[in-house]
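K.L.:
There's a structure below that I have some questions on.
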Amino acid sequence: MDPISTAHGVAGLLTDAADRWPDRTAITETGTGVALTWRQLDQAAHAQARRLVSDGVQPGDRVVLRLPTSADFAVALFGVLRAGGIAVPLSPQAPAPELARLLEHSGAQFVVQRDDFELPDGVTGLPPRSSGEGDPVELGRTGEDIAVISYTSGTTGPPRGVLLSHRALLANLTQLSQVDGAIERHDRVLVSIPLFHVYGLGPGLLLATAAGAALVLSERFEARRTLADCAEHRVTLIAGVPAMYGEFAALDRDELGRGLATVRRMTSGAAPLHPKVLAAIREATGLDVYEGYGLTECAPVVTSTLVTGYPKPGSVGRPLPGIELRLVDSDGTAEDVPLDPDEVDDVFEAAGGTGLVSIRGANLFSGYWPDGTFGPDADGWFRTGDVGYLDSDGDLHLVDRANDLIIVNGFNVFPHEVEEVISQLPEVAEVAVVGVLDERSGEAVKAVVVPATGAALSEQQVVDQCVANLAGYKVPHTVEFAETLPHSATGKLRRLKLR
Numbered sequence: 001m002d003p004i005s006t007a008h009g010v011a012g013l014l015t016d017a018a019d020r021w022p023d024r025t026a027i028t029e030t031g032t033g034v035a036l037t038w039r040q041l042d043q044a045a046h047a048q049a050r051r052l053v054s055d056g057v058q059p060g061d062r063v064v065l066r067l068p069t070s071a072d073f074a075v076a077l078f079g080v081l082r083a084g085g086i087a088v089p090l091s092p093q094a095p096a097p098e099l100a101r102l103l104e105h106s107g108a109q110f111v112v113q114r115d116d117f118e119l120p121d122g123v124t125g126l127p128p129r130s131s132g133e134g135d136p137v138e139l140g141r142t143g144e145d146i147a148v149i150s151y152t153s154g155t156t157g158p159p160r161g162v163l164l165s166h167r168a169l170l171a172n173l174t175q176l177s178q179v180d181g182a183i184e185r186h187d188r189v190l191v192s193i194p195l196f197h198v199y200g201l202g203p204g205l206l207l208a209t210a211a212g213a214a215l216v217l218s219e220r221f222e223a224r225r226t227l228a229d230c231a232e233h234r235v236t237l238i239a240g241v242p243a244m245y246g247e248f249a250a251l252d253r254d255e256l257g258r259g260l261a262t263v264r265r266m267t268s269g270a271a272p273l274h275p276k277v278l279a280a281i282r283e284a285t286g287l288d289v290y291e292g293y294g295l296t297e298c299a300p301v302v303t304s305t306l307v308t309g310y311p312k313p314g315s316v317g318r319p320l321p322g323i324e325l326r327l328v329d330s331d332g333t334a335e336d337v338p339l340d341p342d343e344v345d346d347v348f349e350a351a352g353g354t355g356l357v358s359i360r361g362a363n364l365f366s367g368y369w370p371d372g373t374f375g376p377d378a379d380g381w382f383r384t385g386d387v388g389y390l391d392s393d394g395d396l397h398l399v400d401r402a403n404d405l406i407i408v409n410g411f412n413v414f415p416h417e418v419e420e421v422i423s424q425l426p427e428v429a430e431v432a433v434v435g436v437l438d439e440r441s442g443e444a445v446k447a448v449v450v451p452a453t454g455a456a457l458s459e460q461q462v463v464d465q466c467v468a469n470l471a472g473y474k475v476p477h478t479v480e481f482a483e484t485l486p487h488s489a490t491g492k493l494r495r496l497k498l499r
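Rendered as C-alpha cells:
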C-alpha cells in the first residue's frame, strides 16, 4: 500500500482516491443495488459539503451523522469534513431521549439523517445527499483540528465524546498500512459492523478509501445472507466482531466454506474470540481469524496478531508499527518485564504479572469533549482501563477491564477468568460474570448464563464446573439464566446493565 498523504486531512483520502482510481468501484451496498465509483463518491461528498455550508455549517461545528452502514454515511462523513465541520456519528436506532442527551452534550445543531425523525428545537435535520447548491468549499481542516467526536458505548458509565483529530485518524491508517497484507488495492472489504462505531469507521471505511479497495457495505449482519453476499461480491477481507464469527461457526461446514471461498483474511476486534469458534472456522475454510485490540481513544487499533502473521488463541498480538505499549501499575509505574508463563501456574495469581495497558503513539486522541481533559499525559502516554499481561513472546493478553474487577474479601477476581471456565461447558452459549454487593465479603461473584439451544443446564452444574477449576472465592455465589446478554453495537458485553 502506498504512503498515506496527510496534507489535506481525512477528507483528502477521498480526493486522492478519486484522482487515482476514478472509475473503480468504491462502494457497493448489499441488498439495494447502490454502487458508486470513487469519482461519483467524491462528487456526491463535494455536493453535500456545499449544501452544508449553504445551510450554515461553520468550521468546527458539530454535525451528527444519524445513518446506517451505507453509501449515504460515506457521503455525509466526507461532506462534513470538507465543509470544515466535525462529524459526530451516532446510532440511527438510538431512542429519542438518548439522542437528545447526546445532541445537548455535543452542542450539535445539525443532524444528517434519512428519515424525518423528530429533532429537538433548534436542531436542523439535513438529507444525506444533496444537489450541492451553495457556495464552493475547499478541503476541510487538518492536523490537530478535530475531525470526529466518537461517543464511547458507555460499558462502564455514561458515554463520553472522544476527540479524534485528523492527525490521530490518519496516523492509525498509516500504522495499519505498514502491517504486511493488512489491505491491498485489489481487495473487496465486507463491512457489516456499524460505521458510526470507530471500528467500522477507521479500519473499515477510511482504510479502504486510503488503499483504493472496494467496500461492500451491509446494513445488518445475518449469517446466511452475509455468506451469500460474500460469494456474490467475491469478498476478500472481512472486518468483524466475535458475534459474527460465532454465528458463522454455527453453520454447516460446507456452507461456510463455499460462502467464504474468495476470502483471504478475516479480522476480529471488540472482544475475545472463543477458541471453539476459531477452530470451527479454520476447519471449514482453512483460514485463521486474526484478533486485535483497540480503543476509541486510539483511533482505534492498538495491537493485532497480524503483526506477527500468526494467530494465538487468547492473545491480541503485538502493537502496530509506531505504537508503544507497556504495562503499568495503578500509580503509573511501568512494569516492563514480560511474564514467563512457564514460571507461573496461574497467570491471574501472578504477583506483578498483570498491569494496566498504557499506550503512546501519534494515533492517540486529544482528550474528551468539550475541553480535552483526561487525554495523554505530558510524556504522551495514555493509561487505559484494561488489565493485561505480556507472555514470553511479547504478545499481549487481556485479562479484563479494571473497572470490572471484583474484590471478594480483598481478593481480586477477573470476570474473564471465570467466564472462560464456565464457557468450557458445552451447554453454555454465552456467559457474563459481574460483581454484586455482599454483606459478608464486600462483593460476590454472579454469573449470568445463556444456555445453548436445546441444552439442559442447572445452576449446580455451573457451580461444580467452577469449583473444579477455580479458587473458592472465585466460584459464583449466584447463577442466573437468560435468553440473551446485553451488548454494544460492536458486540462488546455491557456488564453495567447486568449489575
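Sequential numbering from 1 applies to the sequence shown in the working numbering. For every residue, glycine included, the Cβ atom is placed at its ideal position computed from N, Cα and C. Only a predicted model underlies this, so the values are computations on that prediction, with no experimental measurement involved.
1. Under the assumption that valine 408 contacts alanine 444 (Cβ atoms under 8 angstroms), give the Cβ distance between them as a whole number of angstroms.
2. Beta strand (DSSP E) containing asparagine 412: first to last residue?
3. Quick one: using the 10 Å Cβ neighbour count with 16 as the cut-off for buried, is proline 300 buried or exposed?
4. Identify every run of the beta strand (DSSP E) within the region 365-411, keeping only runs that are complete inside it and at least 3 residues long; order them along the chain.
5. How many Å lie between serine 130 and glycine 353 at the Cα?
6. What is the DSSP secondary structure of glutamate 254, counted as helix, strand or coil?
7. State the beta-bridge partners of proline 319 as determined by DSSP.
8. Check the C-beta distance from alanine 271 over to leucine 493 and give it rounded, since I have them as a contact under 8 angstroms.
9. Do phenylalanine 382 and leucine 163 count as a contact pair if the criterion is CB distance below 7 angstroms?
10. Are the CB atoms of alanine 44 and valine 75 nearer to each other than 7 angstroms?
11. Which parts of the region 112-154 are runs of the beta strand (DSSP E), unbroken and 3 residues or longer, counting only runs that do not cross its ends?
12. With a 10 Å radius around its C-beta and 16 neighbouring C-beta atoms as the bar for buried, classify glycine 161 as buried or exposed.
13. Please go through the same chain and pick out, in chain order, the residues whose beta-carbon is closer than 6 angstroms to the beta-carbon of leucine 325, but skip the five residues on each side of it.
14. With the cut-off set at 7 angstroms, would you say histidine 397 and serine 315 are in Cβ contact?
15. Report the option in Arg82, Ser268 and Leu126 whose CA atom is closest to the CA atom of leucine 306.
16. Are there three or more Cβ pairs, one per stretch, closer than 8 angstroms when the region 89-109 is compared with the region 182-197?
17. Pick out the complete beta strand (DSSP E) segments inside the region 4-89, 3 residues or longer, and give them in chain order.
18. Tell me which same chain residues have a C-beta within less than 6 angstroms of the C-beta of glycine 500, skipping the five on either side of it?
19. Alpha carbon to alpha carbon, how far is valine 189 from aspartate 72?
20. On a Cα-Cα basis, can you pick out the residue from Leu260, Tyr199 and Phe248 that is closest to arginine 234?
21. Count the other CB atoms within 10 Å of the CB of glutamate 480; is the residue buried (16 or more) or exposed (fewer)?
22. Is the number of C-beta pairs between the region 145-153 and the region 13-26 that are closer than 8 angstroms three or more?
23. Going by Cα to Cα distance, which pick from Ala452, Leu496, Glu427 and Glu417 is closest to proline 476?
24. With glycine 435 as the anchor, note down where its beta strand (DSSP E) starts and where it stops.
25. Using alpha carbons as the reference points, say which of Thr32, Glu118 and Thr226 lies closest to valine 263.
26. Distance check for proline 3 and asparagine 363, CA to CA, integer angstroms please.
27. Starting from valine 479 and walking both ways along the beta strand (DSSP E), at which residues does that stretch end?
28. So arginine 265 and leucine 237 are in contact, right, with Cβ under 8 angstroms, and what is the actual spacing, rounded?
29. Short check: CB of valine 64 to CB of alanine 108, under 7 angstroms?
30. Look at valine 467 and isoleucine 422 and say whether their C-beta atoms are less than 7 angstroms apart.
P.N.:
A quick look at the data gives this:
1. As a working mapping, residue 408 is identified with position 408 in the sequence shown. As a working mapping, residue 444 is identified with position 444 in the sequence shown. Yes, they are in contact, since the Cβ atoms of valine 408 and alanine 444 sit about 6 angstroms apart, within 8 angstroms.
2. Sequence index remark: in the sequence shown, residue 412 carries index 412 (1-based). Element bounds for asparagine 412: 411-413.
3. What you label residue 300 is simply residue 300 of the sequence shown in a count that begins at 1. Under this definition proline 300 is a buried residue.
4. 381-390, 396-401 and 406-408
5. As a working note, residue 130 is residue 130 in the sequence shown. As a working note, residue 353 is residue 353 in the sequence shown. Answer to the nearest angstrom: the Cα atoms are 56 angstroms apart.
6. Residue numbering aside, residue 254 sits at position 254 when the sequence shown is read from its first letter. Reading off the sequence shown, one finds aspartate at residue 254, where the question assumed glutamate. It is helical.
7. By one-based count along the sequence shown, residue 319 stands at place 319. DSSP output for proline 319 lists Thr303 as bridge partner(s).
8. Reading the sequence shown from its first residue, position 271 is the one you call residue 271. Reading the sequence shown from its first residue, position 493 is the one you call residue 493. The pair is a contact, with the Cβ atoms about 6 angstroms apart (cut-off 8 angstroms).
9. Locating residue 163 in the sequence shown gives position 163, where the first residue counts as 1. Locating residue 382 in the sequence shown gives position 382, where the first residue counts as 1. No, the Cβ-Cβ distance between leucine 163 and phenylalanine 382 is not below 7 angstroms.
10. The residue given as residue 44 occupies position 44 in the sequence shown. The residue given as residue 75 occupies position 75 in the sequence shown. A contact, by the Cβ cut-off of 7 angstroms.
11. 124-126 and 146-151
12. For the purposes of this step, residue 161 is taken as residue 161 along the sequence shown, with counting starting at 1. Under this definition glycine 161 is a buried residue.
13. Counting from one through the sequence shown, the residue named residue 325 turns up at place 325. So the list reads Pro319 and Ile359, once near-sequence residues are dropped.
14. Your numbering for residue 397 matches position 397 in the sequence shown. Your numbering for residue 315 matches position 315 in the sequence shown. Yes, they are a contact pair.
15. The residue given as residue 306 occupies position 306 in the sequence shown. The candidate whose alpha carbon is nearest that of leucine 306 is Ser268.
16. yes
17. 25-29, 35-37, 62-66 and 86-89
18. Residue 500 is absent from the structure shown; the chain starts at 1 and stops at 499.
19. Taking the sequence shown and counting its residues from 1, the one referred to as residue 189 is at position 189. Taking the sequence shown and counting its residues from 1, the one referred to as residue 72 is at position 72. Using only the alpha carbons, I get a separation of about 17 angstroms.
20. Looking up residue 234 in the sequence shown gives position 234. Considering only alpha carbons, the answer is Leu260.
21. Position 480 of the sequence shown, counting from 1, holds the residue named residue 480. Glutamate 480 comes out exposed.
22. no
23. Counted from its first residue, the sequence shown places residue 476 at position 476. Out of Ala452, Leu496, Glu427 and Glu417, Glu417 has the C-alpha closest to the C-alpha of proline 476.
24. Counting from one through the sequence shown, the residue named residue 435 turns up at place 435. Where glycine 435 is concerned, the enclosing beta strand (DSSP E) stretches over 428-438.
25. The count along the sequence shown starts at 1 and reaches residue 263 at position 263. With distances taken between Cα atoms, valine 263 lies closest to Thr226.
26. As a position in the sequence shown, residue 363 is number 363, starting the count at 1. As a position in the sequence shown, residue 3 is number 3, starting the count at 1. Their backbone Cα atoms lie some 16 angstroms apart in a straight line.
27. If you number the sequence shown from 1, residue 479 lands on position 479. Counting along the chain, the beta strand (DSSP E) containing valine 479 begins and ends at 478-481.
28. The residue you call residue 265 lines up with position 265 of the sequence shown. The residue you call residue 237 lines up with position 237 of the sequence shown. Contact holds; Cβ gap of about 5 angstroms.
29. As a working note, residue 64 is residue 64 in the sequence shown. As a working note, residue 108 is residue 108 in the sequence shown. Against a cut-off of 7 angstroms, the Cβ pair of alanine 108 and valine 64 comes out as a contact.
30. Position 467 of the sequence shown, counted from the start, is the residue given in the question as residue 467. Position 422 of the sequence shown, counted from the start, is the residue given in the question as residue 422. No.
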